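**Q**
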Amino acid sequence: MEMPTPDPAILAKKSAVVARLTSVLPKDAVIHEEAGTRAYECDALTAYKCPPMVVVLPSTTQEVVAVLKICNEMGVPVVPRGSGTSLAGGALPTADSVILGVARLNDVLETDYQNRIIRVQSGRTNLSVTGAVEEDGFFYAPDPSSQLACAIAGNIAMNSGGAHCLKYGVTTNNLLGVTLVTMDGQVMEIGGAHLDAAGYDLLGLVCGSEGQLGVVTEATLRILPKPEGARPVLIGFDDNETAGACVADIIKAGVLPVAIEFMDRLCIETTEKFANAGYPDCNALLIVEVEGSEAEIDEQLGVILQIARKYDPVELRESKSAEESAKIWLGRKSAFGAVGQINDYMCLDGTIPVSSLPYVLRRIGEMSKEFGLEVGNVFHAGDGNMHPLILFDANKPGDLEICEAFGAEILKLCVEVGGCLTGEHGVGIEKRDLMTAQFTPEDLELQMQVKDVFDPAWLLNPAKVFPLEASASRRTLAA
Amino acid sequence: MQARPAHIRNPVKNLGAEKEQAAVLTPETEIELAEMLSAASAPLRVQGGGTRPIGRPVVGEVLSMADMRGIELYEPGALTIVVKAGTPLADVEAALAAENQRLPFEPMDHRSLMGTEGVPTIGGVVAANVSGPRRIQAGACRDSLIGVRFVDGRGRIMKNGGRVMKNVTGYDLVKLMAGSYGTLGVLSELSFKVLPGVAATACLRLRGLDDETAVAAMAAALGSPFEVSGAAHTPNGPDGDPVTMLRVEGFEASVAYRAGRLQALLDPFGQAEIETRLAADQGAFGAGAGAIWRWVRDVDGFKGKDGDVWRISVKPTDAPGLVAKLDARDVLYDWGGGLVWALVPGGTDLRAKLVDFAGHATLIRASKDTRARLPVFHPEAAPIAALSAGLRKQFDPKGILNPGLMGGEV
Chain R
2 MEMPTPDPAI
12 LAKKSAVVAR
22 LTSVLPKDAV
32 IHEEAGTRAY
42 ECDALTAYKC
52 PPMVVVLPST
62 TQEVVAVLKI
72 CNEMGVPVVP
82 RGSGTSLAGG
92 ALPTADSVIL
102 GVARLNDVLE
112 TDYQNRIIRV
122 QSGRTNLSVT
132 GAVEEDGFFY
142 APDPSSQLAC
152 AIAGNIAMNS
162 GGAHCLKYGV
172 TTNNLLGVTL
182 VTMDGQVMEI
192 GGAHLDAAGY
202 DLLGLVCGSE
212 GQLGVVTEAT
222 LRILPKPEGA
232 RPVLIGFDDN
242 ETAGACVADI
252 IKAGVLPVAI
262 EFMDRLCIET
272 TEKFANAGYP
282 DCNALLIVEV
292 EGSEAEIDEQ
302 LGVILQIARK
312 YDPVELRESK
322 SAEESAKIWL
332 GRKSAFGAVG
342 QINDYMCLDG
352 TIPVSSLPYV
362 LRRIGEMSKE
372 FGLEVGNVFH
382 AGDGNMHPLI
392 LFDANKPGDL
402 EICEAFGAEI
412 LKLCVEVGGC
422 LTGEHGVGIE
432 KRDLMTAQFT
442 PEDLELQMQV
452 KDVFDPAWLL
462 NPAKVFPLEA
472 SASRRTLAA
Chain C
15 MQARPAHIRN
25 PVKNLGAEKE
35 QAAVLTPETE
45 IELAEMLSAA
55 SAPLRVQGGG
65 TRPIGRPVVG
75 EVLSMADMRG
85 IELYEPGALT
95 IVVKAGTPLA
105 DVEAALAAEN
115 QRLPFEPMDH
125 RSLMGTEGVP
135 TIGGVVAANV
145 SGPRRIQAGA
155 CRDSLIGVRF
165 VDGRGRIMKN
175 GGRVMKNVTG
185 YDLVKLMAGS
195 YGTLGVLSEL
205 SFKVLPGVAA
215 TACLRLRGLD
225 DETAVAAMAA
235 ALGSPFEVSG
245 AAHTPNGPDG
255 DPVTMLRVEG
265 FEASVAYRAG
275 RLQALLDPFG
285 QAEIETRLAA
295 DQGAFGAGAG
305 AIWRWVRDVD
315 GFKGKDGDVW
325 RISVKPTDAP
335 GLVAKLDARD
345 VLYDWGGGLV
355 WALVPGGTDL
365 RAKLVDFAGH
375 ATLIRASKDT
385 RARLPVFHPE
395 AAPIAALSAG
405 LRKQFDPKGI
415 LNPGLMGGEV
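Residue numbers (the numbering used here), protein chains in the order written: chain R, 2 to 480; chain C, 15 to 424.
1. What residues from the stretch 252–286 of chain R come within 9 Å of chain C, judged by C-beta to C-beta, listed N to C?
2. Quick one: is THR352(R) near chain C, going by C-beta distance under 9 Å?
3. Three or more beta-carbon pairs under 8 Å between the stretch 247–254 of chain C and the stretch 271–287 of chain C, yes or no?
4. Using 9 Å as the threshold, is the C-beta distance between ALA249(R) and VAL418(R) below it?
5. Please name the residue, chosen from GLY162(R), VAL428(R), GLN187(R), GLY420(R), that lies closest to SER146(R) on a Cα-to-Cα basis.
6. Taking 9 Å as the threshold (beta carbon to beta carbon), is VAL328(C) in contact with chain R?
7. Rank PRO393(C), ALA141(C), ILE414(C) by C-alpha distance to the C-alpha of CYS155(C) and give the top, closest one.
8. Within 10 angstroms of the Cβ of ALA10(R), are there 16 or more other Cβ atoms? Answer buried if so, exposed if not.
9. At what residues does the beta strand (DSSP E) containing PRO389(R) begin and finish?
10. What three-state label does DSSP hand GLY169(C) in the structure shown?
11. Under a Cβ-count criterion, where at least 16 other Cβ atoms within 10 Å of its own Cβ denotes burial, should GLN301(R) be classed as buried or exposed?
12. Excluding the 5 residues preceding and the 5 following ALA473(R) in the sequence, name in chain order all residues of the same chain whose CB lies nearer than 7 Å to its CB.
13. Output the boundary residues of the beta strand (DSSP E) element that contains ASN378(R).
14. Which residues in chain R sit within 7 Å of MET420(C), going by Cβ to Cβ distance?
15. Buried or exposed: where does ASN277(R) fall if 16 or more other Cβ atoms within 10 Å of its Cβ makes it buried?
16. Check whether the Cβ of ILE22(C) lies closer than 9 Å to any Cβ atom in chain R.
17. Which chain R residues sit within Cβ distance under 7 Å of LEU90(C)?
18. Listing by chain order, which chain C residues have their CB less than 7 Å from the CB of MET159(R)?
19. Does DSSP put ILE298(R) in a helix, in a strand, or in coil?
20. Quick check: is the beta carbon of GLU35(R) nearer than 9 Å to any beta carbon in chain C?
21. Quick one: does ARG364(R) have its CB under 9 Å from some CB of chain C?
22. Which residues bound the beta strand (DSSP E) around ALA380(C)?
23. Assign ILE45(C) to one of two classes, buried (16 or more other C-beta atoms within 10 Å of its C-beta) or exposed (fewer than that).
24. Going along the chain, which residues of the stretch 37–55 of chain C sit with their C-beta nearer than 7 Å to a C-beta in chain R?
25. In whole angstroms, what is the alpha-carbon distance linking SER78(C) and GLY64(C)?
26. Between ALA99(C) and PHE391(C), what straight-line distance do the alpha-carbon atoms span, to the nearest angstrom?
27. What are the boundary residues of the alpha helix (DSSP H) that LEU204(R) is part of?
28. Establish whether the CB of ILE191(R) and some CB of chain C are separated by less than 9 Å.
29. Does ALA296(R) come within less than 9 Å of chain C when only Cβ atoms are used?
30. Out of THR258(C), ALA231(C), GLU203(C), which one is the CA nearest neighbour of TRP307(C)?
31. Return the CA-CA distance between ALA343(C) and ARG387(C), expressed in angstroms with no decimal places.
32. For the 8 Å Cβ check, are there 3 or more pairs between the stretch 161–171 of chain C and the stretch 183–194 of chain C?
33. Could you confirm whether any beta carbon from chain R is found closer than 9 Å to the beta carbon of TYR347(C)?
34. Taking contact to mean 3 or more Cβ pairs, one atom from each stretch, closer than 8 Å, check whether the stretch 448–460 of chain R and the stretch 204–217 of chain R are in contact.
35. Is it true that the CB of CYS217(C) sits closer than 9 Å to the CB of ARG275(C)?
36. By how many angstroms is the C-alpha of CYS415(R) removed from the C-alpha of MET172(C)?
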């Protein structure tokens, strides 16, 4: 993955940039020595690293305004950063950029149970939003796997999903308002405690714009009353096709599970060794979870089990207790970690129409042989969001490149069957150069024209989302 | 005058309330539509079925999408449907009902409120981001919309989103297009996430509550785990008295259980009556529990009453205080109080009465003069208005798509 060459003219004014930033921020909120900036050299896409020129850690919206105004005036690119958990390189710096980290913006500003909202600063972690309201019986629904660490700012930038979005939707469906600071330092309140926009849906546009339109400093989020209970069932099958057909039938039957998770043999075996969750010896495994009162759960699981039995499952395990539920989820939740124990891997994030599941899994199997790299599949089957894990050896020269080429082919396959390159991780740098597989040059031009409106000089996170070649003329405007 | 191409037909079709003598452009394909927009230099009035004449009056030739219709793809097992924008809403709903599925957001039918005739189209629903009572639980139209194809004001064919539920590839122009009233592009194809239909619906009714107490009762219900899918109140119900209504939907036993639990929870507010209907016994909107929600959805209480109609989006607990300032002829609270429909004397500047409030008010029904005099859409703060105007310039630099409909520079 290429990144633009740092602009020597910007590097040359580093001390002036630092001096101006230090004049508007507390001393410990400006990091410019390499020992400090190195901590920000990458996000969770660790294959790519580059320490930024400066890191700033503002604590208020006004400090964010001051930083952006200075960078705008001085023509310095700004890379916003939540908690740095992006798997797509969304927070990867360039050597001539200022990282704007929101980690110090982490307060809860308001909780309002009558209106079922919470207003937080954007550096607050996802899980701690739920943490702030769960004693009172509420929760924040989007639950990305990184929820312990990831920030709401990053969730908004990437429009993050999670395992439970089949029922509750993704970030954009649970976001009611933001305080947005644009690159020229203007502050705007978009949305709020009320529903829907007065004019154009700018909130919907900002969500998922990967930090390219503005910096979100505060957010109003929808919170929901916790369900009375939840219970998973584990279903094992002999092959992927049968599992895929079973998923479609469950959905058609009118039950809406909160989650339908899928794992293939490689993931089942690997996690079993690692987590010892007691998973059956089979080729495909589904975890289906439903919510409600005990009786409601029984009713829904009854429908699901009846469907599953028609497909002659090798295993049907209904949880009888909280411990058994935890055990069913244990393997799924440790899948990425387990695979990481045995190998380096690249995690993909394409989405496909659920109906194409068997075909796509078969093709991935064939491609695995062609490229000579193993693949494990673990994903949100209810909504078609796949996470193929391609195993490679980072120490073996050329293996990463083969892995990236294989990954690109899988993502192109996702687009070919009517899906998309990324379901919840975002484009970042990882899928940037594949965008032409999904969009025409005109589609991309219009999206870049949207950025022109918010950030005419292309200073905010400029080298992301769009193929470098496509955005080149706009990015060099800044210089 | 040059000869008109074959797809431009005269005489005029009957297109709802504002029928001026103007030729009608009726593209049948996306390519035809793109050619028309690429060639156009004068303002166009973009229409679906013409049943929702919301916005400032627009002058120009009518571009009707009614001939671009049809269901392109429907996969019940994937909960997705793809349709052309001019498809009648009724066709979409019928196709879904045949598989026991439905649009989650319960789009309102504006015809009785607006006094219009014609066939509502799915494109019109999206252009106005039309949702109904289930919006509080299942989201708005924009939340179920997962993909769009459209032609922008330069005549470029664009796509965004797709037909999968989870998609963060590139900017989300899908949301932007929903509710942009045809001012950013002409929608040609739409993809939705749909939901299973339900076996049973229960409606709980509390009688005689004042507005403030009603909003508190609805908040209590919505704050419970019993999955309320409708929460409405009016001081002036179908029989003339205050009524507060809550809806639960799902499998029969589950509905009975949750309705019972809600009844107990609401006990401090009075004894709620429960009425349950099974899908097996009725159409989508039959009698009883179904009919009352259609009454709410379509604001039927205002039917045949004179005055302007405003739609106010607010924080639910703010709603009764705002309504008290309105001196309205009639009001309906939906979305637990988050949506207020108000009927006021013609020409009233409702925003002047509310002064500054957190939320927004849209003038839905009023005379042409009033809609020309008062902003139809809530004025935006200056930096936001500047972004909206900037977007409009990028999407429609010639200013030909419903110019002025949304007011200001858009």
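Just so it is clear, CB atoms sit at the ideal spot from N, CA and C, and this is done for glycine as well. No experiment lies behind these values; they were computed from the predicted model shown.
**A** To lay it out plainly:
1. Cβ contacts with chain C: ILE252, LYS253, ALA254, GLY255, VAL256, LEU257.
2. yes
3. With the rule of 3 Cβ pairs closer than 8 Å, the stretch 247–254 of chain C does not count as touching the stretch 271–287 of chain C.
4. no
5. GLY162(R)
6. For VAL328(C), the nearest CB of chain R lies under 9 Å from its own CB, placing it at the interface with that chain.
7. ALA141(C)
8. Burial call: exposed.
9. 389–393
10. Coil, per DSSP.
11. With 16 or more other Cβ atoms inside 10 Å of its own Cβ, GLN301(R) counts as buried.
12. none
13. 376–381
14. GLY200, listed in chain order.
15. exposed
16. Note that ILE22(C) scores a pLDDT of 43, beneath 50, so its modelled location is shaky; the value from the coordinates is reported in the next line. ILE22(C) does not count as touching chain R.
17. Position check: residue 90(C) holds Pro in this sequence, whereas Leu was assumed. The answer, in chain order, is LYS253.
18. Under the 7 Å cutoff, chain C gives VAL182.
19. helix
20. no
21. no
22. Run containing ALA380(C): none; DSSP gives neither H nor E here.
23. By the neighbour-count definition (other C-beta atoms within 10 Å, threshold 16), ILE45(C) is an exposed residue.
24. none
25. 9 Å
26. 24 Å
27. 203–207
28. yes
29. yes
30. Closest by alpha carbon: THR258(C).
31. The question names Ala, but residue 343(C) in the sequence shown is Arg. Distance between the alpha carbons of ARG343(C) and ARG387(C) is about 22 Å.
32. yes
33. Proximity of TYR347(C) to chain R, defined by a Cβ-Cβ separation below 9 Å, is not satisfied.
34. yes
35. Not a contact, by the Cβ cut-off of 9 Å.
36. 20 Å
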